[in-house]
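Enquirer: Protein chains in written order, with the UniProt record's numbering: chain A, 1 to 83; chain B, 1 to 83; chain C, 1 to 83; chain D, 1 to 83; chain E, 1 to 83.
Using N, Cα and C, we set each Cβ at its ideal position, and we do this for glycine too.
It should be emphasised that the depicted structure is a prediction, and the values quoted were computed from it without experimental measurement.
One structure is given below, represented as structure tokens, and several questions about it will come after.
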Amino acid sequence: MIIGKVVNRVVATRKYDEIQGYKLLIIEPYYEEDKKFFVAADTIGAGVGELVLVSFGSSVQTALTRKAPIDALVVGIVDQEPI
Amino acid sequence: MIIGKVVNRVVATRKYDEIQGYKLLIIEPYYEEDKKFFVAADTIGAGVGELVLVSFGSSVQTALTRKAPIDALVVGIVDQEPI
Amino acid sequence: MIIGKVVNRVVATRKYDEIQGYKLLIIEPYYEEDKKFFVAADTIGAGVGELVLVSFGSSVQTALTRKAPIDALVVGIVDQEPI
Amino acid sequence: MIIGKVVNRVVATRKYDEIQGYKLLIIEPYYEEDKKFFVAADTIGAGVGELVLVSFGSSVQTALTRKAPIDALVVGIVDQEPI
Amino acid sequence: MIIGKVVNRVVATRKYDEIQGYKLLIIEPYYEEDKKFFVAADTIGAGVGELVLVSFGSSVQTALTRKAPIDALVVGIVDQEPI
């Protein structure tokens with residue numbers, strides 16, 4: 001997993017049905033200098049500016065209610081900024 | 001997932017049967033400085049210049065009509081350029 | 001797998017149920033200059049400052065008692081710092 | 001997937017049985033400056049100097065006749081160099 | 001897959017049972033300048049200084065006698081240094 005900051009939402013009206021209903025958040029990796037922003041699906045309700053815990057890859061499927069082409073998922077909201 | 005821009009199509013006449021029928025698009029990662037272009041399969045109909053949402057890895061198999069050696073798939077077209 | 005040093009714990013009260021009960025450790029990769037810290041789940045009991053062995057991806061599911069959206073797991077504590 | 005150039009073959013007489021019978025090609029990523037060469041299995045018959053399309057990860061297993069510890073596979077030969 | 005050089009062994013007495021019995025080798029990637037050493041399990045018997053072929057991810061499980069949280073495996077010993 002990695003820690004990241006929610007910086008924005010992304011909207012894609014034309015998309016696979018299986019992705020309908022998920023909020024899609026643009027995440028800035030917290031610990032990486034080269035700032036490779038990525039997109040994670042969210043069902044927990046993380047807001048812009050919040051620090052989140054993101055899981056990647058096949059493990060994500062274990063937390064989805066149905067199979068979907070989602071490879072990154074917000075799995076927690078970090079209580080406080082790590083010192 | 002990541003956001004990327006469709007920059008070109010790639011044609012490979014000699015390829016695995018399971019990949020037949022998919023458009024293969026060359027994608028430029030939107031947020032990465034080192035521009036590691038990659039190839040994603042597309043069934044949504046994204047055009048050159050459009051911003052797309054791409055998923056990677058095993059999750060891709062959940063959106064294919066049959067199993068195929070495809071590890072990156074266009075899963076949405078981004079409505080507008082993220083600010 | 002990689003070798004990493006445990007640098008901190010991260011607490012996320014709001015998280016997926018499947019992740020409840022796992023300690024979440026912030027790990028500094030031992031051999032990487034660009035210090036991309038990441039988070040791994042731990043059930044072995046690694047402490048801050050210890051060198052650990054971390055596995056990633058789908059293989060992690062083979063060591064969990066139940067399926068969970070965890071993509072990095074401490075799978076061993078390194079006896080001594082590699083020369 | 002990525003586009004790469006076949007630069008060499010690699011021979012490993014002592015290897016897992018499941019990998020017997022596959023040509024192992026050293027591939028230079030076409031779009032990456034830091035030239036992280038890697039090895040892909042090939043059954044299509046790509047030659048040195050040719051541009052190929054390579055898939056990675058679990059999707060590779062869908063194109064193998066039997067399960068094997070292969071994580072990169074040549075899945076197509078690119079018709080012409082992308083402009 | 002990648003080619004790497006075996007540079008050391010790592011010993012982790014406290015580890016998951018499923019990893020017991022595997023030699024754990026520290027591998028230096030052959031083609032990468034930023035030298036991100038990693039750890040691979042080995043059953044072929046590669047020695048320090050030898051060039052090996054390493055597979056990653058879920059494909060590794062196809063070569064293990066039982067499921068284990070191992071994400072990198074030595075799958076061959078390279079006959080001679082690629083020119």
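Name the chain E residues whose beta carbon is nearer than 9 Å to that of Ile77 of chain C?
Expert: As a first step, residue 77 of chain C is located in the third sequence; it is residue number 77 there, counting from the start. Here the neighbours are Ala12, Thr13, Arg14, Lys15.
Enquirer: Relative to the C-alpha of Ile19 of chain A, which candidate in A:Ser58, A:Pro69, A:Gly4, A:Val6 has its C-alpha closest?
Expert: Counting from 1 along the first sequence, the entry for residue 19 of chain A is found at position 19. With distances taken between Cα atoms, Ile19 of chain A lies closest to A:Pro69.
Enquirer: Pick from B:Gly57, B:Lys36, B:Ile44, B:Lys5: whose alpha carbon is nearest that of Lys23 of chain B?
Expert: Here residue 23 of chain B refers to the residue found at position 23 when the second sequence is read from its first residue. Checked all of B:Gly57, B:Lys36, B:Ile44, B:Lys5; the closest Cα to Lys23 of chain B is B:Ile44.
Enquirer: By the 10 Å Cβ neighbour count, where 16 or more other Cβ atoms means buried, how is Gln61 of chain B classified, buried or exposed?
Expert: As a position in the second sequence, residue 61 of chain B is number 61, starting the count at 1. By the neighbour-count rule (16 or more Cβ atoms within 10 Å), Gln61 of chain B is buried.
Enquirer: Taking Val39 of chain C as the query, report the chain A residues whose CB atoms sit under 8 Å from its CB, ordered along the chain.
Expert: Reading the third sequence from its first residue, position 39 is the one you call residue 39 of chain C. In chain order: Met1, Ile2, Ile3, Leu53.
Enquirer: Identify the contact partners of Pro69 of chain B in chain D, using a Cβ-Cβ distance below 7 Å as the criterion.
Expert: The sequence position of residue 69 of chain B within the second sequence is 69, counting from 1. Here the neighbours are Ser55, Ser59, Val60, Thr62, Ala63, Leu73, Val75.
Enquirer: Among residues of its own chain, excluding the 5 on either side of Ser55 of chain C, which ones have a beta-carbon nearer than 6 Å to its beta-carbon?
Expert: On the third sequence, position 55 is the one that residue 55 of chain C refers to. The residues are Met1, Leu73, Val75.
Enquirer: Would you check if the distance between the CB atom of Val10 of chain D and the CB atom of Val78 of chain E is smaller than 9 Å?
Expert: For the purposes of this step, residue 10 of chain D is taken as residue 10 along the fourth sequence, with counting starting at 1. For the purposes of this step, residue 78 of chain E is taken as residue 78 along the fifth sequence, with counting starting at 1. Contact flag set, yes.
Enquirer: Look up Val54 of chain E in the DSSP assignment and say whether it is helix, strand or coil.
Expert: Within the fifth sequence, numbered from 1, the residue matching residue 54 of chain E stands at position 54. Three-state result, Val54 of chain E: strand.
Enquirer: Using 10 angstroms around the beta-carbon of residue 87 of chain E, count the other beta-carbons present and answer buried if the total reaches 16, otherwise exposed.
Expert: Look at the range of chain E in this structure, 1 to 83, and you will see that residue 87 of chain E is not part of it.
Enquirer: Looking at the structure shown, is Ile77 of chain C part of a helix, part of a strand, or coil, going by DSSP?
Expert: The residue labelled residue 77 of chain C in the question sits at position 77 within the third sequence. Residue state, collapsed to three classes: strand.
Enquirer: Chain C partners of Glu32 of chain A, CB-CB under 7 Å?
Expert: Counted from its first residue, the first sequence places residue 32 of chain A at position 32. Simply Lys36.
Enquirer: Do Ala12 of chain A and Leu53 of chain B count as a contact pair if the criterion is CB distance below 9 Å?
Expert: The residue given as residue 53 of chain B occupies position 53 in the second sequence. The residue given as residue 12 of chain A occupies position 12 in the first sequence. Result yes, Cβ atoms of Leu53 of chain B and Ala12 of chain A sit closer than 9 Å.
Enquirer: Which one or two residues does DSSP pair with Leu64 of chain E in a beta bridge?
Expert: In the fifth sequence, counting from the first residue as 1, residue 64 of chain E sits at position 64. The partner list for Leu64 of chain E (beta bridge, DSSP) is empty, contrary to what the question assumes.
Enquirer: List the whole-angstrom C-beta distance separating Gly4 of chain B from Glu33 of chain B, where the pair is believed to meet the contact cut-off of C-beta under 8 Å.
Expert: Counted from its first residue, the second sequence places residue 4 of chain B at position 4. Counted from its first residue, the second sequence places residue 33 of chain B at position 33. With a Cβ gap of about 14 Å, Gly4 of chain B and Glu33 of chain B do not count as contacting.
Enquirer: Helix, strand or coil for Ile70 of chain B? Go by DSSP, reduced to three states.
Expert: Position 70 of the second sequence, counting from 1, holds the residue named residue 70 of chain B. Coil, per DSSP.
Enquirer: Suppose the cutoff is 6 Å on Cβ atoms and the five residues either side in sequence are ignored; what does the same chain contact list for Phe37 of chain A look like?
Expert: The residue given as residue 37 of chain A occupies position 37 in the first sequence. Once the five neighbours on either side are set aside, the close Cβ partners of Phe37 of chain A are Ile26, Glu28.
Enquirer: Closer than 9 Å, CB to CB, is Ile27 of chain C near chain E or not?
Expert: To locate residue 27 of chain C, count along the third sequence from 1; it is residue 27. No, Ile27 of chain C does not count as interfacial toward chain E.
Enquirer: Rounded to a whole number of angstroms, what is the C-alpha to C-alpha distance between Asn8 of chain D and Tyr31 of chain E?
Expert: The residue you call residue 8 of chain D lines up with position 8 of the fourth sequence. The residue you call residue 31 of chain E lines up with position 31 of the fifth sequence. Each residue's Cα considered, the two are about 13 Å apart.
Enquirer: Below 7 Å on C-beta distance, what does Ile44 of chain D contact in chain B?
Expert: In the fourth sequence, residue 44 of chain D corresponds to position 44, counting from 1. Within 7 Å Cβ-Cβ: Arg14.
Enquirer: Excluding the 5 residues preceding and the 5 following Lys67 of chain D in the sequence, name in chain order all residues of the same chain whose CB lies nearer than 8 Å to its CB.
Expert: By one-based count along the fourth sequence, residue 67 of chain D stands at place 67. Correct list, in chain order: Glu18, Gln61.
Enquirer: How far does the beta strand (DSSP E) with Glu28 of chain D in it extend, from its first residue to its last?
Expert: Stepping through the fourth sequence from its first residue, residue 28 of chain D is reached at position 28. First-last of the beta strand (DSSP E) with Glu28 of chain D: 23-29.
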